[in-house]
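**Q**
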């Protein structure tokens with residue numbers, strides 16, 4: 001798993017852009033023109049990724065599910081039987097807590113799921129496996145945080161999945177035998193289309209509950225045309241998701257996913 005993750009990060013921006021800059025430095029004397037091209041592509045790619053306005057444009061293309069109307073939260077039990085929250089990695093060994101913690105993105109999902117659960121009375125399943133094989137599972141990290149930080153008890157934990165497809169497939173093993181076929185699905189807005197598709201393929205009826213929209217007005221100086229380091233990370237997430245959506249449509253339809 002760590003080696004596959006390393007290769008994936010190297011081949012997708014910003015990893016591939018850093019690789020281009022290293023190639024430019026390596027060829028600066030022997031192949032100056034090629035080095036110049038690699039530098040232009042690498043530096044230009046980093047510059048584009050660092051612009052909030054580019055994040056906004058990219059997110060608009062991916063965020064195809066509308067937000068869940070707030071006045072519908074209390075009636076969600078009429079449309080679904082459970083809430084499913086997808087994991088998003090972990091922060092390793094946070095010194096303030098003395099143990100691993102959910103990521104900021106994960107906490108954003110948990111907070112939204114907790115609000116939905118309190119408003120609707122629906123039970124929650126957390127989904128996410130081991131990260132690099134290190135316990136506890138993401139599902140347990142989220143369940144503990146939902147209990148301790150948001151006062152919500154999680155009924156089910158799915159702690160084996162490593163991918164969105166596995167989130168759906170392994171959630172189905174837990175929920176479908178209990179007659180839970182209709183779910184409210186909580187994940188980032190830009191990740192929601194692929195997540196909805198995966199859970200539908202696993203046999204669920206899905207009510208999308210996207211959170212963390214990035215395709216809205218970025219509210220940055222000069223309309224988002226000034227570089228920001230945070231935007232590089234966000235752009236990388238959006239590019240990874242775009243590749244994931246293409247990959248799922250090509251390789252995972254009607255079969256098991258391994259990525």
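In the UniProt record's numbering, the protein residues as written are 1 to 259. Glycine included, each C-beta is placed from N, C-alpha and C at the ideal position. Treat the numbers as computed from the prediction; the structure is a model and nothing was measured.
1) Which of the three DSSP states, helix, strand or coil, is assigned to residue 91?
2) Helix, strand or coil for residue 26, going by three-state DSSP, please let me know.
3) Rounded to the nearest angstrom, what separates residue 94 and residue 69 at their Cα positions?
4) From the DSSP output, which residues share a beta bridge with residue 208?
5) Quick one: is residue 204 buried, meaning 16 or more other Cβ sit within 10 Å of its Cβ, or exposed?
6) Using a 10 Å radius around the Cβ and a threshold of 16 neighbouring Cβ atoms, would you call residue 129 buried or exposed?
7) DSSP on residue 156, reduced to helix/strand/coil?
8) Report the three-state DSSP secondary structure of residue 216 (helix, strand or coil).
9) By a C-beta neighbour count over all protein chains shown, 10 Å radius and 16 as the cutoff for buried, is residue 10 buried or exposed?
10) Using only the alpha-carbon positions, how far apart do residue 86 and residue 27 sit?
11) Quick check for students: name the residue ranges of the alpha helix (DSSP H) that lie wholly in the region 109 to 164, counting only runs of 4 or more.
12) Please classify residue 179 as buried or exposed, where buried requires at least 16 neighbouring CB atoms within 10 angstroms.
13) Could you tell me the alpha carbon to alpha carbon distance between residue 191 and residue 118, rounded to whole angstroms?
14) Inspect the CB distances between the region 208 to 222 and the region 53 to 70 and report whether three or more fall short of 8 Å.
15) State the start and end residues of the unbroken beta strand (DSSP E) segment that holds residue 52.
16) Please work out which residues of its chain come closer than 6 Å, Cβ to Cβ, to residue 46, disregarding the five sequence neighbours upstream and downstream, and give them in chain order.
17) Within its chain, find whatever has a CB closer than 7 Å to the CB of residue 140; leave out the 5 residues flanking it on each side and keep chain order.
18) Short of 6 Å in beta carbon distance, which residues of its chain neighbour residue 172, apart from the five on each side in sequence? Order them along the chain.
19) By the 10 Å Cβ neighbour count, where 16 or more other Cβ atoms means buried, how is residue 162 classified, buried or exposed?
20) Out of 138, 49, 193, which one is the CA nearest neighbour of residue 67?
21) Alpha carbon to alpha carbon, how far is residue 1 from residue 227?
22) Which residues bound the alpha helix (DSSP H) around residue 102?
23) Name the residue from 243, 188, 199, 120 whose alpha carbon lies nearest to the alpha carbon of residue 65.
24) Measuring CB to CB, does residue 155 end up less than 8 Å from residue 123?
25) Whole angstroms are fine: how far does the CA of residue 19 sit from the CA of residue 80?
26) Taking the CB atoms as reference points, tell me whether residue 243 and residue 12 lie closer together than 8 Å.
27) How many whole angstroms separate the CB atoms of residue 229 and residue 50, which I take to be in contact at a CB cut-off of 8 Å?
**A** In this structure, then:
1) strand
2) helix
3) 35 Å
4) 185
5) buried
6) buried
7) strand
8) coil
9) exposed
10) 44 Å
11) 138 to 150
12) exposed
13) 24 Å
14) yes
15) No beta strand (DSSP E) contains residue 52, which is instead part of the alpha helix (DSSP H) from 52 to 62.
16) 17
17) 157, 159
18) 202, 203
19) buried
20) 193
21) Below a pLDDT of 50, predicted positions are generally treated as unreliable, and residue 1, at 47, falls in that range; the measurement from the model is reported next regardless. Between residue 1 and residue 227, the C-alpha separation is close to 33 Å.
22) Here residue 102 belongs to no alpha helix (DSSP H); instead the beta strand (DSSP E) covers 99 to 102.
23) 188
24) yes
25) 46 Å
26) yes
27) 7 Å
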